[in-house]
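A short worksheet on the structure shown next.
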Amino acid sequence: MASSDDGMKVVDDLGVMADEYLEEDDVEDSDVEEEIQRDDSFSKLSADSWLSVESEYDAEGDTLFFPTVNEELVEEEKLPMASATENAMAKASSVPGKSVLDCVVELLRGTRAQKKKRLFRMISEKWIWLGEDLASLMSKSKRRPDQNSRINLTKCRILRSEGNSIAFQLDRQRVVLNLSSPSEVKLWLTGLSCLVPRDTRVFMGNTILEERLQYDPLKDSWQGKPMSTRKRVNEYILLGGIGRGSFAKVKLAISTLDKRFYATKIMNKSRKSSFLSESNKTEVAILRKLRHPNIVKHRDVLFDEETDRVVLVVEYMARGVVLDSSKLQDEKKLSEEAVKEIMKDVVAGLMYLHAQRVVHRDIKPDNLLRAGDGTVKLGDFGEARMYDVNDLDSKGRPTAPGTPAFLAPEFCMSDRSPKPPPENYSADVWSLGATIYYMVYGRAPFIASSVFKLYDVICTEKLQFPSSPRVSLKLKDLLKMMLTKEPTKRATLDQVASHTWFEEPVRKKLNDRIKITEQDIRDAIKPAKWVYPEPESKA
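Number 78 in the UniProt record's numbering belongs to position 78 of the sequence shown; there are no gaps in the numbering.
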């Protein structure tokens, strides 16, 4: 066996060169590329439905991203000023106009890649993305929808780009991926170069990238603004706004403790009731305990008593909202098949939620979020009701939650509104039906010139189907069942899940009831401690 000048092995067996792609079946070393098996309950997921897999190891040692920093925060602490060293961080990036941090965020969203089978030199399409732990490169293929594969970046010895390819030399194997263009390769190499160990040799073509050895993310920038000028709450550095619509008040943040990205929603709370009440703490404890592949995970809830601000820290969904529904009509349409794949995930998540006696009450396209691996998850639980905690108000009618265009008739402020049932699980079915309708037809099922007129229209007008696009009779039947105005006659969620529109019934997953302890309630809400950058000195 010979070696090339850069230390990469060349395999003589059967004339197969080491720069050919490895299929998952070919991998022998579990530290190199691992298949992550899922039990049978996940085997029926769609090709676009994938679990996000956390790494099974702790990325200890000398990876470059986020060296150990002192996290003891004191009340008067200020963040350091931007300095010339931040300009030096720009040299670690090979992508014009983007910092290393910008590139890493792009990698979380994923991209298409090509990979060869070892013996037959056939090309297979892959979707690759950076794992949320920032220590693994994940991949999936439609041929094996029940499995993800992982490359352990801490085992990477040589990382090299050339043309449209990027190569990973691991302990015993070499994996090469073809991307769409040299510019995309440059983006991926820049991001990955600061996630692999310090002793990894990183090449762009024949040039070794030495600048990465001085890289410090705390001295980097995000979208042109230095990290040192960003404010911080507890362990989270707030980077900037993300998304559109319901994401307007959400900021991307990065934790200095676990080195992961999160979405933070900062809300000004009304002082009419105490956010630290026992019932509210119990609600938050339930939210933080929810664990399902189709529910956005809640990490922290922080509260600033002085300003009455709430900071909600949740899982970052790198590919954002499935569809913006800020307009009631003339919006982008999705194909019926694409909507069906999305709904397999959403219905599974909603079944889990209802099994926990939680009603979402604000289902709409903006609250369906897609992770880097393609999984669709239900998010934004600001209107959720927990029936083990809350009761209806003294009048017997729930307060109107959610977004008017997707609101169930029993929630509408109208004289024609039907009487709501004691528990409002059926309201989620209506909102889900209105969401499906919107995605397929590019408009809400009911439209009016004002909110109060819309309430009346929702309660009184007959459901109509536009002539275009043409959809299946099965979908129309499902929508009629879901958008029945009388909640007691509306389809149940189980009926939706077993409807023939889905080729196979959507299966329940992980429906065990969560248990909340007194300690969970005590730890549910943490005090928010803000750290602000020092103002620039006026010399």
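In this text, a Cβ means the ideal position worked out from N, Cα and C, and glycines have one as well. Keep in mind it's a predicted model, so treat the numbers as computed, not measured.
Proximity of residue i and residue j at Cβ, strictly below 8 Å
i, j, result
"residue 514", "residue 286", "yes"
"residue 264", "residue 311", "yes"
"residue 107", "residue 188", "yes"
"residue 377", "residue 317", "yes"
"residue 500", "residue 429", "no"
"residue 328", "residue 208", "no"
"residue 136", "residue 150", "yes"
"residue 375", "residue 521", "no"
"residue 192", "residue 218", "no"
"residue 563", "residue 100", "Residue coverage of the chain in this structure runs from 1 to 539, which leaves residue 563 outside it and unanswerable."
"residue 483", "residue 422", "no"
"residue 220", "residue 89", "yes"
For residue i: DSSP bridge partner residues
i, result
"residue 263", "252 and 314"
"residue 386", "358"
"residue 192", "The partner list for residue 192 (beta bridge, DSSP) is empty, contrary to what the question assumes."
"residue 129", "138"
"residue 111", "128"
"residue 371", "According to DSSP, which records beta bridges pairwise, residue 371 is partnered with nothing at all."
"residue 204", "161 and 207"
"residue 302", "311 and 526"
"residue 232", "237 and 531"
"residue 178", "114 and 165"
"residue 295", "378"
"residue 221", "226"
"residue 436", "For residue 436, which the question treats as bridged, DSSP gives no partner whatsoever."
"residue 268", "309"
"residue 514", "Answer is none; residue 514 lacks a bridge partner."
"residue 458", "None, per the DSSP bridge assignment."
Supposed contact pair residue j and residue i - C-beta distance, whole angstroms, cut 8 Å
i, j, result
"residue 418", "residue 505", "The pair is not a contact, with the Cβ atoms about 29 Å apart (cut-off 8 Å)."
"residue 320", "residue 370", "7 Å"
"residue 427", "residue 361", "6 Å"
"residue 510", "residue 174", "Residue 510 to residue 174, Cβ: 37 Å. No contact."
"residue 177", "residue 156", "That pair is no contact at about 13 Å."
"residue 113", "residue 179", "6 Å"
"residue 533", "residue 231", "6 Å"
"residue 451", "residue 404", "5 Å"
"residue 368", "residue 436", "11 Å between Cβ atoms; not a contact."
"residue 530", "residue 373", "The pair is not a contact, with the Cβ atoms about 33 Å apart (cut-off 8 Å)."
"residue 196", "residue 134", "At roughly 11 Å, the Cβ-Cβ gap does not stay under 8 Å, so residue 196 and residue 134 are not in contact."
Distance, residue j Cα to residue i Cα
i, j, result
"residue 432", "residue 255", "33 Å"
"residue 239", "residue 252", "5 Å"
"residue 325", "residue 502", "24 Å"
"residue 517", "residue 296", "22 Å"
"residue 182", "residue 163", "5 Å"
"residue 441", "residue 194", "44 Å"
"residue 396", "residue 420", "Any reading at residue 396 needs caution, since the residue's pLDDT is 43, under 50, leaving its predicted position unreliable; the model's value is listed next. About 8 Å."
"residue 424", "residue 365", "20 Å"
"residue 233", "residue 528", "6 Å"
"residue 77", "residue 228", "Any reading at residue 77 must be qualified, since the residue scores a pLDDT of 44, below 50, and its modelled position is unreliable; the value itself is stated next. Whole-angstrom Cα-Cα distance: 13 Å."
"residue 350", "residue 314", "18 Å"
"residue 302", "residue 457", "40 Å"
"residue 127", "residue 211", "29 Å"
"residue 91", "residue 186", "14 Å"
"residue 557", "residue 460", "The chain is shown only over 1 to 539; residue 557 falls outside these bounds and no answer can be derived."
"residue 353", "residue 98", "39 Å"
"residue 408", "residue 267", "25 Å"
"residue 474", "residue 385", "31 Å"
"residue 105", "residue 249", "19 Å"
"residue 498", "residue 344", "11 Å"
"residue 512", "residue 347", "17 Å"
"residue 275", "residue 190", "43 Å"
"residue 508", "residue 308", "39 Å"
"residue 335", "residue 495", "23 Å"
"residue 147", "residue 304", "42 Å"
"residue 294", "residue 242", "21 Å"
"residue 299", "residue 95", "32 Å"
"residue 284", "residue 523", "10 Å"
"residue 123", "residue 131", "24 Å"
"residue 476", "residue 453", "25 Å"
Residue i: CB within 7 Å of a non-hydrogen atom of the ligand GDP
i, result
"residue 269", "With respect to the ligand GDP, the structure offers nothing, as it holds no ligand at all."
Residue i at chain C interface by Cβ criterion, 8 Å
i, result
"residue 482", "Absent from the structure: chain C. Only one protein chain is present."
The stretch 410 to 429 touching the stretch 462 to 479, judged by at least three CB pairs closer than 8 Å: no
Whether or not the stretch 488 to 499 and the stretch 327 to 339 are in contact is what I'm after, with contact meaning three or more pairs of Cβ atoms, one per stretch, closer than 8 Å; do they touch? no
Three Cβ pairs or more, each shorter than 8 Å: is that satisfied between the stretch 203 to 210 and the stretch 222 to 237? no
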